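*Asks:*
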Amino acid sequence: MGSKGHKSAQKVARGSIRRQARNTATRSQVKTDVAKAEKLVAAGDKEAAKTAVASAISALDRSVGKKNIHANAAARKKSRLMKKLNKGTAQPKAKTA
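Take my numbering: the final residue in the sequence shown is number 1503, and no numbers are missing along the way.
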């Protein structure tokens, strides 16, 4: 943003920088929430994992609503999270002799 250019263009550029910072922070928080949920699922802490997965899914949905990430990308992440959660919490089948 040099000193040249119209004032309106400078205002637009400043707004763009603010939006970029906000969007980056939101995406980063979503990644953190998803990683935390995956870590708890892998650790085997069922109740904490369910809570963390619900929180991560909520964060993904909010991010889609703000158009920070694509809806299909969020759906894919939610699906993979739920698959890991369900696989981790499934009871092992009894072997028949």
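Beta carbons: idealized from backbone N, C-alpha and C, even for Gly.
For clarity, every value in this text was computed on a predicted model and none was experimentally measured.
Verify whether the separation of the beta carbon atoms of V1440 and L1487 is less than 8 Å.
*Replies:* Yes. Within cutoff.
*Asks:* So, are the CB atoms of I1475 and R1433 less than 8 Å apart?
*Replies:* Taking 8 Å as the Cβ cut-off, I1475 and R1433 qualify as a contacting pair.
*Asks:* Taking the alpha carbon of R1468 as the reference point, which residue from Q1426, Q1435, A1443 has its own alpha carbon closest?
*Replies:* Comparing Cα positions, the closest option is Q1435.
*Asks:* Does E1444 pass the burial test, meaning 16 or more other C-beta atoms within 10 Å, or should it be called exposed?
*Replies:* Counting Cβ neighbours within 10 Å, E1444 comes out buried, since at least 16 surround it.
*Asks:* So what's D1451 in DSSP terms, helix, strand or just coil?
*Replies:* Coil at D1451, not helix or strand.
*Asks:* Could you check whether A1458 and R1437 sit closer than 8 Å to each other, using their CB atoms as the reference points?
*Replies:* The identity of residue 1437 in the sequence shown is Lys, whereas the question assumes Arg. Going by C-beta atoms, K1437 is not nearer than 8 Å to A1458.
*Asks:* Taking just the CA atoms, how far does A1460 sit from R1424?
*Replies:* About 29 Å.
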